[in-house]
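Chemist: Quick one: structure below, then a few questions.
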Amino acid sequence: MPKQTNPQLVRRLKYFSEILGGMVFLVGLAALVGWQFDVIFLKRILPSLPIIAPNTAFSFFLGGIVLLLVASPKTGEKRHLKAVIYIFSSFIALVGFFTLLEYLFGVNFGIDRLLFSAAQGEAAVRMSPQSAFNFLMVGVSLLFIAGQEEKKVKVGQAIILLAGIVSLVSLFGFIYNISSFYTISPFKGMAAHTAVSFTMVFFSVLLIFPDFGFMRIFVIRGLSGLAARRLLFVLVCMMIAEVLATIGRRTNFYGYSFEILIHLVVILGSFVYLIFFAFRSLDELGKMETSLAKSQELDRSKTEFVGLASHQLRTPLTAISWYTEMLLKKDFGDLNAKQMDYLGEIYAGNQRMIDLVDDLLNTSRIDMGTLKIKPELVNLAEVMENTLNEFSPQLNQKNISIEKKFSRNLPLSKLDSEHLGIVFQNILSNAVKYTSPKGKIMVEMRRQNSHILVKIADNGWGIPAVQQKKIFTKLFRADNVRKRDTEGTGLGLYIARAIVKKSGGKIWFESKENKGTTFYITFKV
Ligand code: ADP
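Take the position in the sequence shown, starting the count at 1, then add 381; the result is the number in the working numbering.
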C-alpha cells in the first residue's frame, strides 16, 4: 500500500507554488510594460542589471499564467482553460527551440523583434542560449504537468530538473563571481534576474503536485517523510549560510579568514544536527519495533487462546452430538413428535456449533503455523463423493440438482484426505448456501497435464465484482450474501486456500453477480 501523504503540507506547498508562479508572471509583466512604454527601469527590473529580452519577458509572463492555471482547482475540466495552458506552454517551448536553432546555425528568424521592433542592439533583444534551452525545457515540462496524471507529472518533473540545474549553476556563478557558470562564450550569458526567475519556475513546477513523483518523499507521513524533510531543510540552510558567508566577504564586510570560519561552523553545525536527528530517529524506530513485537506477541496469545478454547469445546459438543443422534434413532425407546422435533433442533444447532468450533480451530492452526498436512495416496473422486453425500439433506431440501463429471481413471494424488475433505466441504457448502432453490451445481474432475483439476460451479448469487479481491480474506463476507444469509463466518475460504496452498495446489474462481460462481482447484499428480 502506498504511504499516506500529509494533506496540510501538500496544500501549503501548492500554495507556495502558486505564489512563485504569480511572481514569475509579475516579472514578465513588468518587463513587457517596460518594453511597451520604453520604461528602462522596468526592462531591467533592477538598475544594475541588463535589459530583459522581449521574448524572455513574454515567455515568463505566459509561464506564470500557465503555472497559476495548472495550480488552480477551478481550472479542473474546463476545456477552454486547458486549451490556453497547452497553447501557452507550446509557445514557450517553440520560442526556446527556435532561438536555440538561431544560435546553433547562426541564422536569424526574426523572432526576437516580433513583439517590439524598437531600436535596441541584438544582444538586448535576444535571450541567451541557456535561457533558450531553459524555455524549451520549461515549455515541454509544463505540457506534461498540465496532464495532471501522476505518470505525466513525473516526466514533467524530470524535464524541469534540467532547467533547474542550468538556472542554479548560473545563480551560483553570480554569487561566486564565476562568469563561465552563466556565459557560454562567445555568446551573451544568462542575466541574474532571468536566473532567479527560472529558479522560481523550477520550484513552482516541482511544488505544483508535491504528492506526485519524486517530490512525494517530502510529503509522506511517518519517519521516512520526516527524515527527507529534515535533510532537505539542513541542505537549504547550509546553502543559504554558505552563500551569505561569501556575499559578506565580497562586500568587504569581513575578510577571507572569517569567511572560512563561517563555512566551517556551518558544516560542523549541520553535521552535529544530523547526528542528533539520526540518533533520535533510530531511538524512535527502536520504540516502534518494541511496540510492534508486543502487539505481535499479544496477537499470538489471542490466537493461542482461541485454539485452546475451541479444542476444549470440541469434546463436549461431540458428546452432545452422539447422545442426540442415539435418542433420535430411538435407541433408548420411543419419543413423541414434539420431543423428536426439539431433539432435531438441538442436533442441528449443535452441528452448527461444531462447524464453527472446527473453523476456529483450523484458523488458529493456520495463524500459528501449526497446521500439519499428512500426505498419503488419495483418491480425489472418493473424497468428493463422500463430501457430496454429506450434503444430500441440504441439496434435497433446496431442490438443487447436482451434475457430476468425473474422468475415469483419475490418478491417485499425495494429499491429506481429511484436509482435502475440509476444502471440498467449504466450497460445496458455499455453493449450496449461496444458490437459490431449484438451482444447479456442477462438479467436474479431470486430469490436466501434470495436474488434477477440480471445478465446482453453481448458478447462484455470485460475488460482486468490486469485492472479489477480498474473498479469501479472513472473516470477509460479500454484501450480497450478508443481506440474505446471516449465519456465515467468512472463515471457510480462508481455511480452504491455506490448506490448498500448504498442499502445493492452487485455488481461484470466476464469478458474476446473479449468474453464478465457479471455483477451480488444481493439485499436482
Ligand atoms: P462464509 O460462507 O461463512 O460467509 P467463506 O469464507 O466460505 O465464508 O466465504 C466468504 C464469502 O465468499 C462468502 O461470504 C460469500 O460472500 C462469498 N462466496 C463464496 N463462495 C460463494 C459462492 N459459491 N457463491 C456466492 N458467493 C460466494
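For each residue, glycine too, the CB sits at the ideal point set by N, CA and C.
In the DSSP assignment, the beta strand (DSSP E) including Gln778 goes from what residue to what residue?
Modeler: Counting from one through the sequence shown, the residue named residue 778 turns up at place 397. Counting along the chain, Gln778 falls outside any beta strand (DSSP E), though it belongs to the alpha helix (DSSP H) covering Ser773 to Lys779.
Chemist: Tell me the start and end of each unbroken alpha helix (DSSP H) in the region 395–478 that is at least 4 residues and wholly inside, in chain order.
Modeler: Taking only runs of at least 4 residues, the alpha helix (DSSP H) segments lying wholly in the region 395–478 are 421–425 and 435–452.
Chemist: Under DSSP, the alpha helix (DSSP H) around Asp860 begins and ends at which residues?
Modeler: In the sequence shown, counting from the first residue as 1, residue 860 sits at position 479. Note, Asp860: alpha helix (DSSP H), Asp860 to Arg865.
Chemist: Leaving out the 5 sequence neighbours to the left and right, which residues in its chain are closer than 6 angstroms to Thr386 when beta-carbon positions are compared?
Modeler: Taking the sequence shown and counting its residues from 1, one reaches residue 386 at position 5. Correct list, in chain order: Asp592, Val600 and Ile601.
Chemist: Within its chain, find whatever has a CB closer than 6 angstroms to the CB of Gln806; leave out the 5 residues flanking it on each side and keep chain order.
Modeler: Numbered from its first residue, the sequence shown carries residue 806 at position 425. Cβ neighbours of Gln806 beyond the five flanking positions: Thr768.
Chemist: Are the beta-carbon atoms of Met518 and Ala544 separated by less than 7 angstroms?
Modeler: One-based indexing of the sequence shown puts residue 518 at position 137. One-based indexing of the sequence shown puts residue 544 at position 163. In contact: Met518 and Ala544 (Cβ atoms closer than 7 angstroms).
Chemist: Determine the burial state of Arg681: buried for a count of at least 16 other Cβ atoms within 10 Å of its Cβ, exposed for fewer.
Modeler: Here residue 681 refers to the residue found at position 300 when the sequence shown is read from its first residue. Exposed, because fewer than 16 other Cβ atoms sit within 10 Å of the Cβ of Arg681.
Chemist: By the DSSP assignment, the alpha helix (DSSP H) with Thr699 in it spans what residues?
Modeler: Here residue 699 refers to the residue found at position 318 of the sequence shown. From DSSP, the alpha helix (DSSP H) with Thr699 extends over Tyr637 to Leu709.
Chemist: Spell out whether any CB of chain B is found under 7 angstroms from the CB atom of Arg630.
Modeler: The structure shown contains no chain B; it is built from a single protein chain.
Chemist: Among Glu623, Ile643, Asp748 and Ala659, which residue has its Cα nearest to the Cα of Ala684?
Modeler: Mapped onto the sequence shown, residue 684 falls at position 303. Residue identity check: residue 684 is Thr in the sequence provided, not Ala. Answer by Cα proximity: Asp748.
Chemist: How should Ile559 be labelled, buried or exposed, when 16 other C-beta atoms within 10 angstroms of its C-beta is the threshold for buried?
Modeler: On the sequence shown, residue 559 is found 178 positions in, with the first residue counted as 1. So Ile559 counts as exposed.
Chemist: Suppose you measure from the CA of Ile701 to the CA of Leu752; what does that come to, to the nearest Å?
Modeler: Looking up residue 701 in the sequence shown gives position 320. Looking up residue 752 in the sequence shown gives position 371. Using only the alpha carbons, I get a separation of about 27 angstroms.
Chemist: At the level of alpha carbons, what is the spacing between Arg460 and Phe614?
Modeler: Against the sequence shown, residue 460 aligns to sequence position 79. Against the sequence shown, residue 614 aligns to sequence position 233. Near 39 angstroms, if we compare the C-alpha coordinates of Phe614 and Arg460.
Chemist: Would you mind reading off the limits of the alpha helix (DSSP H) that contains Tyr901?
Modeler: Residue numbering aside, residue 901 sits at position 520 when the sequence shown is read from its first letter. Where Tyr901 is concerned, there is no enclosing alpha helix (DSSP H), although the beta strand (DSSP E) it sits in stretches over Gly897 to Lys905.
Chemist: DSSP state of Ser794, grouped into three classes?
Modeler: The count along the sequence shown starts at 1 and reaches residue 794 at position 413. DSSP places Ser794 in strand when its eight states are reduced to three.
Chemist: Assess, as a yes-or-no matter, whether the region 686–699 is touched by the region 732–746 under the definition of 3 or more beta carbon pairs within less than 8 angstroms.
Modeler: Contact between the region 732–746 and the region 686–699 is present, because at least three Cβ pairs lie under 8 angstroms.
Chemist: Going by Cα to Cα distance, which pick from Gly402, Gly730, Leu604 and Thr867 is closest to Thr580?
Modeler: Taking the first residue of the sequence shown as position 1, residue 580 is located at position 199. Minimum Cα distance to Thr580 is reached at Gly402.
Chemist: Counting along the chain, where does the alpha helix (DSSP H) carrying Gln720 start and finish?
Modeler: Counting from 1 along the sequence shown, the entry for residue 720 is found at position 339. Ala718 to Met749 is the span of the alpha helix (DSSP H), which, as asked, contains Gln720.
Chemist: Cβ atoms of Phe658 and Arg611: under 7 angstroms apart, would you say?
Modeler: In the sequence shown, counting from the first residue as 1, residue 611 sits at position 230. In the sequence shown, counting from the first residue as 1, residue 658 sits at position 277. Yes. Within cutoff.
Chemist: Please report the straight-line C-alpha distance between Arg494 and Trp416, rounded to a whole angstrom.
Modeler: Here residue 494 refers to the residue found at position 113 when the sequence shown is read from its first residue. Here residue 416 refers to the residue found at position 35 when the sequence shown is read from its first residue. Rounded to whole angstroms, Arg494 to Trp416 spans 12 angstroms at the Cα level.
Chemist: Alpha carbon to alpha carbon, what distance is there between Gln511 and Val447?
Modeler: In the sequence shown, residue 447 corresponds to position 66, counting from 1. In the sequence shown, residue 511 corresponds to position 130, counting from 1. So the alpha carbons of these two residues sit roughly 21 angstroms apart.
Chemist: In whole angstroms, what is the alpha-carbon distance linking Thr456 and Ala576?
Modeler: Your numbering for residue 456 matches position 75 in the sequence shown. Your numbering for residue 576 matches position 195 in the sequence shown. Thr456 and Ala576: Cα-Cα distance of roughly 29 angstroms.
Chemist: Let's see if you can read the secondary structure: which residues bound the alpha helix (DSSP H) around Arg602?
Modeler: If you number the sequence shown from 1, residue 602 lands on position 221. Looking at the DSSP string, Arg602 is not in any alpha helix (DSSP H), and its letter there is neither H nor E.
Chemist: Rounded to whole angstroms, what's the CA-CA distance from Arg865 to Ala877? Just pull it up for me.
Modeler: Translated into positions along the sequence shown, residue 865 becomes position 484. Translated into positions along the sequence shown, residue 877 becomes position 496. Approximately 23 angstroms between the Cα atoms of the pair.
Chemist: Just tell me which of Leu604, Phe562, Leu761 and Glu763 has its CA closest to the CA of Glu665.
Modeler: The sequence position of residue 665 within the sequence shown is 284, counting from 1. The option with the nearest alpha carbon to Glu665 is Leu604.
Chemist: In chain order, what residues of the same chain lie with their CB nearer than 6 angstroms to the CB of Ala438, ignoring the 5 residues before and after it?
Modeler: Within the sequence shown, numbered from 1, the residue matching residue 438 stands at position 57. Excluding positions up to five away in sequence, the list reads Gly409, Ala412 and Leu413.
Chemist: Going by C-alpha to C-alpha distance, which of Met619, Val617 and Ile598 sits closest to Ala609?
Modeler: Locating residue 609 in the sequence shown gives position 228, where the first residue counts as 1. Nearest C-alpha to Ala609: Ile598.
Chemist: Does Ile556 come out as helix, strand or coil in the three-state DSSP assignment?
Modeler: Taking the first residue of the sequence shown as 1, we reach residue 556 at position 175. Three-state DSSP puts Ile556 in a helix.
Chemist: According to DSSP, is Ala527 part of a helix, a strand, or is it coil?
Modeler: One-based indexing of the sequence shown puts residue 527 at position 146. Ala527: coil per DSSP, three-state reduction.
Chemist: Kindly identify the DSSP beta-bridge partner or partners of Met826.
Modeler: For the purposes of this step, residue 826 is identified with residue 445 of the sequence shown, where counting begins at 1. Paired residue(s): Phe787 and Val835.
Chemist: Does the beta-carbon of Thr898, which I'm using as the reference point, lie nearer than 6 angstroms to any heavy atom of the ligand ADP?
Modeler: As a first step, residue 898 must be located in the sequence shown, where it is residue number 517. Checking every heavy atom of the ligand ADP against the Cβ of Thr898, one is found closer than 6 angstroms.
Chemist: What do you get for Trp703, buried or exposed, if any count of 16 or more other CB atoms within 10 angstroms of its CB means buried?
Modeler: Translated into positions along the sequence shown, residue 703 becomes position 322. Per the 10 Å Cβ criterion, exposed.
Chemist: If we count Cβ pairs, one from each stretch, closer than 8 angstroms, do we get three or more for the region 792–802 versus the region 751–766?
Modeler: Yes: the two stretches touch, three or more of their Cβ pairs being nearer than 8 angstroms.
Chemist: Using CA atoms only, rank isn't needed, just tell me which of Phe652, Gln848, Glu868 and Ala812 is closest to Leu737.
Modeler: The count along the sequence shown starts at 1 and reaches residue 737 at position 356. The shortest Cα separation from Leu737 among Phe652, Gln848, Glu868 and Ala812 belongs to Glu868.
Chemist: Looking at C-alpha atoms only, which residue of Ile781, Asn777, Ser773 and Met765 is the closest neighbour of Met826?
Modeler: Residue mapping note: residue 826 aligns to position 445 of the sequence shown, counting from 1. Comparing Cα positions, the closest option is Met765.
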